[in-house]
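Position one of the sequence shown corresponds to residue 0 (numbering that gives the first Met the number 0), numbered consecutively onward.
We treat Cβ as the ideally placed atom computed from N, Cα and C, and that holds for glycine.
Have a look at the structure below, then the notes.
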Amino acid sequence: MKGSTRNLINRVYQKGIGLIEVMVALMVISVGVLGMAGLQTKSLQHNQLAYFRSQAVIVVNDMMDRIRANKTVAATGSDYITTETEHVAAACSTQEFINSCESATCSESQLATYDVQQWKFQMACQLPDATGSIAIEDTSSGRVYVITLKFNDSHGAQAAREVVLRSAL
């Protein structure tokens, strides 16, 4: 009989301890879930930045390919030179081109102007707060094009990200 009394006393004391254990377990699980949510948020931010960087590289390489395709103007003219200008995202839907060289016959100089307009259009539509410039360096070994593209994915909270491509013709 003494054994059963002892078990009864232990059961009485166990009622409150079980509730505390459940509350501690819930607290630990809650902290873990909050940590996972924070990790997911950071992951999405880094994924977005990687997407913008790859878009910037694609836009810069596309412009360099356009310059290489129009070798006559690229080697002698200055039609591809642009200064750093801001491009508004609204230009994305309302872009008007002087002459569409895709559907009309263009001179090499007109094609260069069209290529620069297309490049500005791509920057405005694919990257946040994008600016870009194209410069030429004439060296003894030939002409070098420097294409610079900057974008700001943090809405001004951090310095702009920059992609620079230097290529000789």
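query                                                                                                       : result
For S99 and F51, the rounded distance between their alpha carbons                                           : 27 angstroms
Bounding residues of the beta strand (DSSP E) (the contiguous stretch that carries S166)                    : 160-167
CA-to-CA distance, P127 to S102, given in whole angstroms                                                   : 29 angstroms
Continuous beta strand (DSSP E) stretch holding S134: start and end                                         : A quick correction: the sequence has Ala, not Ser, at residue 134. Start and end: 130-138.
Member of N69, M22, K119 whose CA lies at the smallest distance from the CA of Q109                         : N69
Paired residues, beta bridge with G141 - DSSP                                                               : T138
Delimiting residues of the alpha helix (DSSP H) encompassing Q109                                           : 107-125
Span separating the alpha-carbon of D137 from that of M63                                                   : 16 angstroms
DSSP-derived helix/strand/coil call for I204                                                                : A question about residue 204 goes unanswered here, because the residues of the chain that appear run from 0 up to 168.
Extent of the continuous alpha helix (DSSP H) run through A103                                              : Note, A103: premise wrong, no alpha helix (DSSP H); not H, not E.
Cβ neighbours of I80 in the same chain (closer than 7 angstroms, five flanking residues each side left out) : I133, A134, I135
Cβ separation of N60 and L164, assumed to be a contact under 8 angstroms, to the nearest whole Å            : 7 angstroms
Alpha-carbon to alpha-carbon, C105 and V58                                                                  : 22 angstroms
Beta-carbon proximity check, V72 vs A111, cutoff 8 angstroms                                                : yes
Which of helix, strand or coil DSSP assigns to I80                                                          : coil
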